[in-house]
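Peer 1: Let me begin by handing over the structure; questions about it come next.
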Amino acid sequence: MTTKKDLAVAFMHNNLNQLTGFHNHVHGFFNDNLKDSQLSEEINQHQKNFLKREYEVNLPNQLRKSVFLMMFGHLEECLHLSWLASGEPIQLNKNEFGIAKYKPFVRDHLGFNLGSDSDWAYIQECQLIRNAIIHAAGRVSLLKKPHEVESLLKQRSDYFEMEHDRVYLTNTGISAFQKSIARFTERVERAI
893 MTTKKDLAVA FMHNNLNQLT GFHNHVHGFF NDNLKDSQLS EEINQHQKNF
943 LKREYEVNLP NQLRKSVFLM MFGHLEECLH LSWLASGEPI QLNKNEFGIA
993 KYKPFVRDHL GFNLGSDSDW AYIQECQLIR NAIIHAAGRV SLLKKPHEVE
1043 SLLKQRSDYF EMEHDRVYLT NTGISAFQKS IARFTERVER AI
């Protein structure tokens, strides 16, 4: 028998999968355009080289960044809806921003041990990257605490990278983020 929680989890997973599907669809469009541009006789080699860099590097980086931020929005919405569904049991921390304002709800009301939760830990790491993207256009040197992001980049070089002072997510990084959000939000929903 399907319960309300099962349906809520299914909808959350569906919404997150829609973002992943959007990413994959647009990335496929980039690949198709790259192939067409390289076969075209109407553009010169300089233009082909430019388009190759755009479709292989620049546009996929922008796409990953955009989908990453949409996934963060999804996570924040799921946490907010879970808090509402619980009857607003704990006052949200208005001095915090983003997911940090829900930490007391998840930790104290739902009883999560966030200190040992690997999904929460990765989401927190991603929060640093999100803040760099939103508040400093991804430029690490413009951050108040650039050493935090630089340290993270060294620890998680398979998930994040820096080029020309800008932080980027790798395909591995965004895939891991999607999986962490899916697992974490499902556990939150099932705990309420």
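So the sequence shown is numbered by the numbering used here: it starts at 893 and just counts up by one.
Heads up, the beta-carbon is just placed ideally off N, CA and C, and yes, glycines get one too.
Since this is a predicted model, take the numbers as computed values, not measurements.
Pairing CB atoms from the segment 973-982 with CB atoms from the segment 996-1005, are three or more of them under 8 Å?
Peer 2: Contact between the segment 973-982 and the segment 996-1005 is present, because at least three Cβ pairs lie under 8 Å.
Peer 1: Taking the alpha-carbon positions, what's the Tyr-994 to Leu-984 distance?
Peer 2: One-based indexing of the sequence shown puts residue 994 at position 102. One-based indexing of the sequence shown puts residue 984 at position 92. Near 6 Å, if we compare the C-alpha coordinates of Leu-984 and Tyr-994.
Peer 1: By DSSP, does Phe-1052 sit in helix, in strand, or in coil?
Peer 2: The residue labelled residue 1052 in the question sits at position 160 within the sequence shown. Reduced to three states, the DSSP call for Phe-1052 is strand.
Peer 1: Rounded C-beta distance between Pro-996 and Ile-982? I'm assuming under 8 Å.
Peer 2: Translated into the one-based positions of the sequence shown, residue 996 becomes position 104. Translated into the one-based positions of the sequence shown, residue 982 becomes position 90. Between Ile-982 and Pro-996 the Cβ distance is about 5 Å, and since that is below 8 Å, they are a contact.
Peer 1: Is the segment 1067-1081 close to the segment 900-911, with three or more CB pairs under 8 Å?
Peer 2: Touching, yes, given that three or more Cβ pairs across the two stretches are closer than 8 Å.
Peer 1: Tell me whether the segment 1053-1073 and the segment 1030-1044 touch, counting them as touching only if at least three CB pairs, one residue from each stretch, are closer than 8 Å.
Peer 2: Yes: at least three Cβ pairs fall under 8 Å.
Peer 1: Quick one: grab the DSSP three-state call for Leu-1087.
Peer 2: Any question about residue 1087 goes unanswered here, given that the chain covers just 893 to 1084.
Peer 1: Going straight from the alpha carbon of His-917 to that of Gln-954, what length do you get?
Peer 2: By 1-based counting over the sequence shown, the position of residue 917 is 25. By 1-based counting over the sequence shown, the position of residue 954 is 62. So the alpha carbons of these two residues sit roughly 14 Å apart.
Peer 1: Where does Leu-1061 sit, in a helix, a strand or coil, going by DSSP?
Peer 2: For the purposes of this step, residue 1061 is taken as residue 169 along the sequence shown, with counting starting at 1. If DSSP states are grouped into helix, strand and coil, Leu-1061 belongs with the strands.
Peer 1: What residue from Val-959, Lys-927, Ala-992, Leu-1006 has the CA that sits closest to Ser-1067's CA?
Peer 2: Taking the first residue of the sequence shown as 1, we reach residue 1067 at position 175. That would be Val-959, whose Cα lies nearest to the Cα of Ser-1067.
Peer 1: Look at the alpha carbon of Asp-1050 and the alpha carbon of His-915, and state the distance between them as a whole number of angstroms.
Peer 2: Taking the first residue of the sequence shown as 1, we reach residue 1050 at position 158. Taking the first residue of the sequence shown as 1, we reach residue 915 at position 23. Taking the straight line from one Cα to the other gives about 19 Å.
Peer 1: Where do the ends of the alpha helix (DSSP H) carrying Ile-1015 lie?
Peer 2: Numbered from its first residue, the sequence shown carries residue 1015 at position 123. 1010-1028 is the span of the alpha helix (DSSP H), which, as asked, contains Ile-1015.
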